[in-house]
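A.B. asks: Using my numbering, count along the sequence shown one by one with no gaps and you end on 261.
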Amino acid sequence: APSLLVVEVLVNQAPTVGLQEPFAGQRVMEGDSIRATATYSDDLDALSDIVLSWRVLDLQGNVVLLAGNEPVFNITDLTAGFYIVEVTATDSFGEKTSATVDFEYTLLDTDNDWSSTCSSDAWFDPNTGKSCGPNIYDEDDDNDGFSDERDAFPLDPCAQIDTDGDTQPDVLDCPEGYTSWLTEDMDDDGDGTPDVLEGVETNDADVNVNALMVIMAIFVVVILLFIARLRRGGPGDLTALDQQHL
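#1: Just mark Val78 as buried or exposed, buried being the case when its beta carbon has 16 or more other beta carbons within 10 Å.
#2: What does Ala51 pair with, by DSSP beta-bridge criteria?
#3: By alpha-carbon positions, which one of Leu239, Cys189, Leu74, Thr91 ends up nearest to Leu80?
#4: Buried or exposed for Phe241, going by 16 or more other Cβ atoms inside 10 Å?
#5: Could you give the DSSP three-state label for Ser18: helix, strand or coil?
#6: Note down, in chain order, each residue of its chain lying with its Cβ closer than 6 Å to the Cβ of Val66, except the 5 sequence neighbours on either side.
#7: Where Gly76 and Glu199 are concerned, what is the direct C-alpha to C-alpha distance, given to the nearest angstrom?
#8: Hey, quick one: how far does the beta strand (DSSP E) through Val102 stretch, first residue to last?
#9: Helix, strand or coil for Arg244 per DSSP?
#10: Leu197 and Phe168 look like a contact to me (Cβ under 8 Å); what is the Cβ gap, rounded to whole Å?
#11: DSSP three-state label for Leu256, please.
#12: Any idea which residues DSSP pairs Tyr152 with across the strands?
#13: Which stretch, first to last residue, makes up the alpha helix (DSSP H) that contains Val211?
#14: Under the DSSP definition of a beta bridge, which residues are partnered with Asp73?
#15: By how many angstroms is the C-alpha of Ala114 removed from the C-alpha of Ser134?
#16: With 16 as the cutoff for other CB atoms within 10 Å, does Pro190 come out buried or exposed?
#17: Quick one: what does DSSP say Ser135 is sitting in, helix, strand or coil?
#18: By DSSP, does Ser63 sit in helix, in strand, or in coil?
#19: Taking the beta strand (DSSP E) that Arg165 belongs to, which residues open and close that run?
#20: Below 8 Å between beta carbons: does that hold for Val22 and Ala53?
#21: Taking Asn89 as the reference, which of Leu62, Gly46, Asp73 has the closest Cα?
#22: Check the DSSP bridge columns for Leu80 and list the partner residues they point to.
#23: If you compare alpha carbons, which of Ile230, Asn150, Val237, Thr132 is closest to Gly144?
#24: Enumerate in chain order the residues of its own chain whose CB-to-CB distance from Asp181 is below 8 Å, with the five nearest sequence positions on each side excluded.
#25: Quick one: Cα of Ile238 to Cα of Ile230, how far?
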């Protein structure tokens, strides 16, 4: 009887790939990062043989970020706008598959007062009676009660005034729940004398030391006169005029 040889031929399939995160339409604020995580597999290749590549594109199709062969991509340093993250998985035979998800970067809002009650017409919140919205519209970005024009530290609610302009605040007082990288200035007016020695905290550049110098001079003169009197005999000796009267 003739022999029958059965040969099973496996046809390579392109790898499968998907994005576990971010979710479609996810929003993140300028200055923050957003994480993209890929899940992938292949019919023939081990996971270690699959090569991943990443791209972030704007809505015009321009590539704004690239990343290499890693399953996780931390996306940072993007300005406000809509974007698409794309991951491509390529197997050892050159077959590839891609997956994409859209996400959004919103304008920076340091004090997080861009709420539903914040009117985008006037960028004012009638519930709080304060300016609100993203930093480019909000007149008080750190919401500390000092307008950005008057605030030496417009993004730090712990500090407002810097009398001598040395980037150290005169007073460092953080509201509950806030911390600061700043250091309080020990010489607010920058005259070289610490505030504790001037007796005041701020604006004491006009301390009058002349009066102290006059007092010291008078004291020295009195001491010198006293020493001179002692050298002439002192107050206990009788002068010739005193002896004549006796």
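For glycine and all other residues, C-beta sits at the position ideal for the given N, C-alpha and C.
C.D. replies: Result, derived from the coordinates:
#1: exposed
#2: Phe88
#3: Thr91
#4: exposed
#5: coil
#6: Asn84, Thr105
#7: 48 Å
#8: 96-105
#9: helix
#10: 7 Å
#11: Any reading at Leu256 needs caution, since the residue's pLDDT is 43, under 50, leaving its predicted position unreliable; the model's value is listed next. Of the three classes helix, strand and coil, the one that applies to Leu256 here is helix, per DSSP.
#12: None; Tyr152 has no bridge partner.
#13: 210-213
#14: Tyr98
#15: 38 Å
#16: exposed
#17: coil
#18: helix
#19: Note, Arg165: premise wrong, no beta strand (DSSP E); not H, not E.
#20: no
#21: Gly46
#22: Val71
#23: Thr132
#24: Asp200, Gly205
#25: 13 Å
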